[in-house]
Every structure is written in C-alpha cells, then in structure tokens.
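Asks:
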Amino acid sequence: MGEEIEVIHSWSAPRSLSTSLMYSFAQRNDIEVLDEPLYANFLRVTGVDRPYKEELRSEMENDGNKVVKEVIFGAGVKKYRYCKHIAKQRVPGLTNELMKRGKHFIMIRNPLDILPSFEKVVPPSFLELGLAELVSVYSELSESGRPPPVIDAADLRENPEATLRGLCEDLDILFQDSMLRWEAGPKPFDGIWAPCWYKSVHKSTGFSPAKKYPMPFPTSLYDMLEQSLPFYNMLKRHARRSSSNYLNSTLPHPSLPVPANEKLLAWVGDEIVPRETAKVSVFDSIVQGGDGVWEGLRVYGGKVFKLEEHLDRMFDSAKALAFSNVPTREEVKEAIFRTLLRNGMFDNAHIRLTLTRGKKVTSGMSPSFNRYGCTLIVLAEWKPPVYDNEKGLMLVTATTRRNSPNNLDSKIHHNNLLNNILAKIEGNNAGADDAIMLDKDGYVSETNATNIFFVKKGRVVTPHADYCLPGITRATVMELVLKESLALEERRISLSEFHTADEVWTTGTMGELSPVVKIDGRIVGDGRVGPITLRLQNAYKNLSKDSGVPIPTYEKS
279 MGEEIEVIHS WSAPRSLSTS LMYSFAQRND IEVLDEPLYA NFLRVTGVDR
329 PYKEELRSEM ENDGNKVVKE VIFGAGVKKY RYCKHIAKQR VPGLTNELMK
379 RGKHFIMIRN PLDILPSFEK VVPPSFLELG LAELVSVYSE LSESGRPPPV
429 IDAADLRENP EATLRGLCED LDILFQDSML RWEAGPKPFD GIWAPCWYKS
479 VHKSTGFSPA KKYPMPFPTS LYDMLEQSLP FYNMLKRHAR RSSSNYLNST
529 LPHPSLPVPA NEKLLAWVGD EIVPRETAKV SVFDSIVQGG DGVWEGLRVY
579 GGKVFKLEEH LDRMFDSAKA LAFSNVPTRE EVKEAIFRTL LRNGMFDNAH
629 IRLTLTRGKK VTSGMSPSFN RYGCTLIVLA EWKPPVYDNE KGLMLVTATT
679 RRNSPNNLDS KIHHNNLLNN ILAKIEGNNA GADDAIMLDK DGYVSETNAT
729 NIFFVKKGRV VTPHADYCLP GITRATVMEL VLKESLALEE RRISLSEFHT
779 ADEVWTTGTM GELSPVVKID GRIVGDGRVG PITLRLQNAY KNLSKDSGVP
829 IPTYEKS
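Each residue of the sequence shown is one higher than the one before, starting from 279 at the first, in this note's numbering.
This is the structure:
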C-alpha cells in the first residue's frame, strides 16, 4: 500500500523546456512524475480544441478537484512526486489545496523563444501562453509567505548542473548527478499529447546549449511578443540567477545607497511606472546622442525649492537647443507633483528632471528625425545631501579642461556630460570627492559637479560663469552672501588663490553648500569648516525650510 508523498509542483508556460526538466527529475531514484495531470480538466472547463481532445478526456480524469485529491496528492511509492503543470491549466474552480500543499517552483522562458516554437503546433494566443497565470501563481504563493524559486530556461541550457543544483537547494532536496542525462525516446509517463509536442525532446539525452545565433522572429507574432514580454520580465527579476547569455549577467546585484529607493515610481513620457520598468526607447535622442536638458531639484518640508528658477533654466536650455513640441510649464509641474505624491516624498528628496528631444523615427543625429515630441522624465529619490557637509571635502585639480563657449556653452544645462565625467574619473582615481576644472586659460571654472567659492580676508569670491554653469544654488548663495553683509566678488581666479584661501566651499542642489578642507594636498585654512561657511550653511538651511513651491494636497503633520 502506498504512503503519503511530498509533491513538487513545476509551473511554466508551454514550450519552456518543462518536459526536459520533467525527464531530468524522473531520473532520480526518489521521485515519480506526473505529466500535466490537470490537462483534461482544463479542456473541459475552457472548451479549447486539441487534435487529441476526445482521446485525452476519455483516458484522463476530467474532474480537477478529484485529480488534486486522488492523483496529485494521492498515495505513492516514492518519497517525492514531481508534477509538471502548465500555468494556464490552473483554471477557476480548483481547490485551494493545490497551492497550499507541496513545494512549488516556476520555470520561465523568453517569449522570443517560446512563440516561434509554439506556432508549429497551435496558433499562439495570450490565453494559450498563460504567462499572466504564471505571474498569478508567483503572486499568490508570495502573498502566502512562500515565494517560489524561479529559474530561467536559458540558464538551464547554458549551465544545467549549476541551475539544477541551485533549484534542488531551493527545494531543500539533494541534487543527483543522474538528473543531467536521460535516454532518448518516448517515456512511459508521457501524456498522450506527446506525439504532437515532444518530437524534439524525444531526440534529446540531456539539456543542450541554445544555438548561438537564433532564427528570424516572425513579424506576425510581434504584437503577441509585446503583450508577453512584460510578464516574462516581471518573473525574470525574481529568477535565482540571470542567464549568462545576457551582458553583465555575472555582476553581483548591487546594494542601493538608500534601500527605500528600490520601490520608487518614476514619470517617463506621460505615465508613472515602477523603477524596473522606467525606461526610454532606444530611439530616444538621450540614447542616440545625449540630446537632452536636465535639472536637479530638492524637496524640503512639502515644498519644491527654487522650482520656478529651475524651470526657467530648463526651458531656456530647451530653446537654446531648438527643441520642438515641448510640454508646457504646467504639464511639467503636474508631472513633478504627481510623481512626488505617488511616492509620498515630501522631504529629504531629490528630483532629477530630464527633458529629451524625444524619440526618433529612425536612428541618426538629425533633429528632423524627432517627430514624436519631447520625452519628460521625473526621477524622484530619497536622497540626503551627497557630500559630508560637516567634515568637508577633498578636491584635486583635473587635467580635463572645462568646455569653452566656443565649443559648447555651459549655460545650456545639457545631458552631454562627458566633459564633467572625464574630470570626475580623475577625481575618483585620486581618491578625492570631486575634481576642480580649469578653463582654457588655466583659471578655475568649477568642479565636475558644482560651482565653487572661496573666502580670503573676509571677502567671498567666485569665478565668472563664462565657462561654468550659472547654478541656481550658486545664485542663491550669492544672494545670501549679500544679505549677510559680506563682500562678494565675481572674477577670474587662479588655482593658487584656492590653494591659499581661508575657506572654500562648493554649491549645488545635490550637495547644497559643502565645505572643502583640502585641495591638491594643501589644507584649506585650518582644515576645518570655516565661520563664514557655517554662517551661510545656516542661512541656506533656513531659506530652504521657509521657501519653495508647495506640493498640492500635501498637509504637514
């Protein structure tokens, strides 16, 4: 007489190597397998047609709940029972016991590979693929506190042993070497549909690597691919490991500076989307040539600081670059406010606001290809000031010179930041916080990311905004300098003047007002934050607390 058996449920879409995986588990000495035990119930409930429909329904149990009770969870002679399930066969009316009992895992495969294969047997449809139901399986198990392991068929083909070992570890069963190979030909546990579907797997003796170069994808299946990929990609994010077929797949998953930003929402185009789906088209000008303008804004106490000034500059930059079909000021504001409200971000948040020239009809440099209008991106993150504004920064001078207005005017706040990035690389290599950039004549312009000021004998001095960006925070601090009754001078400044300054600080929305305590190995002042720096930091803090454009509907608690 049989004993109670532990069930391992495999859930997948059709044509996902699920039969090969069933053959793999069947080689174990502690497992018996069932091939799609709910198939007849699926045909009964849905009325879907198959060439073998009548034969299948006459030979298999049609009552799904009876199958669950007596077949899937019935007594057995081995320790485990492996049940291969196609997700779409989990139809309404089935008992909850199916999901509550046993060990569950999900296998996924890229619809790019599924659809051409599926078409050879049955005309593909969204129902036939069942990817939505596969996501539903994942969600239901996760909500019950038992998120199922997810493996990708691409990993299984590329590295079967490592993938199977990982799956066995997740299922808390020992891996057996026998799982890596089987004899060719039909198996006694194959479903009666095997002659229609299993011709290729019957020729196999193990998991074979995918062909390096795929066949052309049928354009007739393009719409189906668009519908299917989001479901595959959602599950792929939960896969145990990424396929080595993809670039950078061997890189470890990085931690975020602020973990709360893992689940943020961003505005892209004309909608708010989750972080992982916040993407622009490969035809967008920002991808094609860094052709966009941007602003950084901060949120303090339910208000967006200096919003109007930032929008003025963004629209000026867009006009200077001859953007067309630009969204209105009110539309941009609405996108900002809606993004902040959706994220619940009312303080200690930073917004990266980007406006690209938009999507092109074909790749190329010419703006004449931009016929869709601009692309608006609102990326709001939880982000405290990025510099240590108490202990101070260390700067080095970069050999990379700041762009001249003869080449590219820095008053245009554009996204083509390679000039700054090259300087930042020098700073990183030197172990500094940032790098000072000189103009073509050797005078100080700014750092790679911020404007810069120094104090000498009580006078505040900053470079002309000829080569540097005339920053919003720079202008704000200049106003505060005058309000504090301090002398302010704007002129050309040599590097040695910064080396011998009493105090130095940088300004920018991302870092606010940041003291500098060392430049090129030289201690600034006494190496501590100076009194004028502290005075202006406090003034800036008070101003940011008391002013700004209120976020609609925000109520201070």
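For each residue, glycine too, the CB sits at the ideal point set by N, CA and C.
Here the structure is a predicted model, which is why all the values come from computation and not from measurement.
Assuming the contact rule is C-beta atoms closer than 8 Å, Glu-284 and Ala-353 should be a hit. Round their C-beta distance to whole Å, please.
Replies: The pair is not a contact, with the Cβ atoms about 12 Å apart (cut-off 8 Å).
Asks: Given that a residue counts as buried once 16 or more other Cβ atoms are within 10 Å of its Cβ, and exposed if not, what is Ala-600?
Replies: Here Ala-600 is exposed, its C-beta having fewer than 16 other C-beta atoms within 10 Å.
Asks: Run through DSSP, which three-state label would Ile-829 get?
Replies: coil
Asks: At which residues does the beta strand (DSSP E) containing Ile-655 begin and terminate?
Replies: 653 to 660
Asks: Check whether the Cβ atoms of Glu-439 and Gln-367 sit closer than 8 Å, and answer yes or no.
Replies: no
Asks: Return helix, strand or coil for Glu-447, following the three-state DSSP convention.
Replies: helix
Asks: Please list the segments of the alpha helix (DSSP H) lying wholly inside the region 406 to 450, counting only runs of 4 or more residues, in order along the chain.
Replies: 409 to 421, 431 to 436, 438 to 449
Asks: Would you say Ala-627 and Lys-661 are within 8 Å of each other, going by their C-beta atoms?
Replies: yes
Asks: How is the beta strand (DSSP E) around Thr-784 delimited, first residue to last?
Replies: 781 to 786
Asks: Looking at C-alpha atoms only, which residue of Gln-566, Phe-561, Met-502, Leu-542 is the closest neighbour of Thr-555?
Replies: Leu-542
Asks: Which residue from Gly-484, Leu-299, Gly-469, Leu-814 puts its Cα closest to that of Phe-731?
Replies: Leu-814
Asks: DSSP puts Leu-312 in a beta bridge; with which residues?
Replies: Cys-361
Asks: For the alpha helix (DSSP H) containing Val-582, list its first residue and its last residue.
Replies: First-last for Val-582: 581 to 583, but that is the beta strand (DSSP E), not the alpha helix (DSSP H).
Asks: From what residue to what residue does the alpha helix (DSSP H) around Pro-535 run?
Replies: Segment: none, Pro-535 is in no alpha helix (DSSP H) and carries neither H nor E.
Asks: Leaving aside the five residues before and after Gly-444 along the sequence, list all residues of the same chain whose C-beta is less than 6 Å from its C-beta, in chain order.
Replies: Arg-518
Asks: Assuming Asn-603 contacts Gly-570 under a Cβ cut-off of 8 Å, what Cβ separation, rounded to an integer in Å, is found between them?
Replies: So it is not a contact: roughly 14 Å between Cβ atoms.
Asks: Answer yes or no: do Leu-654 and Ala-613 have a C-beta to C-beta separation smaller than 8 Å?
Replies: For Leu-654 and Ala-613, yes; Cβs fall inside 8 Å.
Asks: Beta-carbon within less than 6 Å of Val-536's beta-carbon, same chain only, minus the 5 sequence neighbours each way: which residues are those?
Replies: Trp-660
Asks: In terms of residues, what are the limits of the beta strand (DSSP E) holding Arg-576?
Replies: 570 to 578
Asks: Using 10 angstroms around the beta-carbon of Asn-526, count the other beta-carbons present and answer buried if the total reaches 16, otherwise exposed.
Replies: Any reading at Asn-526 is ruled out, since the residue's pLDDT is 47, under 50, leaving its predicted position unreliable.
Asks: What does the alpha-carbon distance come out to for the pair Glu-504 and Lys-514?
Replies: Roughly 16 Å between the two C-alpha positions.
Asks: If you run the structure through DSSP and keep just helix, strand and coil, what is Ser-521?
Replies: Model confidence at Ser-521 stands at a pLDDT of 46, short of 50, so the residue's coordinates are unreliable; what they give is reported in the following sentence. Looking at Ser-521 - three-state DSSP - the assignment turns out to be coil, as it is neither helix nor strand.
Asks: Within this structure, are the beta carbons of Gly-705 and Asn-729 separated by less than 8 Å?
Replies: no
Asks: Quickly, what does DSSP pair Lys-734 with across the bridge? List them, please.
Replies: Answer is Arg-737, bridged to Lys-734.
Asks: How big is the Cα-Cα spacing for Arg-635 and Leu-716?
Replies: 30 Å
Asks: Using three-state DSSP, classify Thr-754 as helix, strand or coil.
Replies: It is helical.
Asks: Is the beta carbon of Val-349 sitting closer than 8 Å to the one on Leu-405?
Replies: Not a contact, by the Cβ cut-off of 8 Å.
Asks: Nearest to Ile-771 by alpha carbon, out of Ala-743, Leu-758, Ala-765?
Replies: Ala-743
Asks: Should Ser-822 be labelled buried (16 or more other beta-carbon atoms within 10 Å of its own) or exposed?
Replies: buried
Asks: What did DSSP end up calling Phe-561 once you bin it into helix, strand or coil?
Replies: For Phe-561, the secondary structure class from DSSP, reduced to helix, strand or coil, is coil.
Asks: Where does the unbroken alpha helix (DSSP H) through Arg-616 begin, and where does it stop?
Replies: Unbroken alpha helix (DSSP H) run through Arg-616: 607 to 621.
Asks: Strictly by DSSP, which residues pair up with Trp-289?
Replies: His-363, Ile-384
Asks: Assuming contact is defined by CB atoms lying nearer than 8 Å, are Thr-632 and Ile-550 in contact in what I supplied?
Replies: no
Asks: So, Trp-289 versus Leu-412, is the Cβ gap smaller than 8 Å?
Replies: yes
Asks: Can you look up Trp-545 in the DSSP assignment and give me helix, strand or coil?
Replies: strand
Asks: Taking Ser-456 as the reference, which of Asp-562, Ser-302, Glu-375, Val-558 has the closest Cα?
Replies: Ser-302
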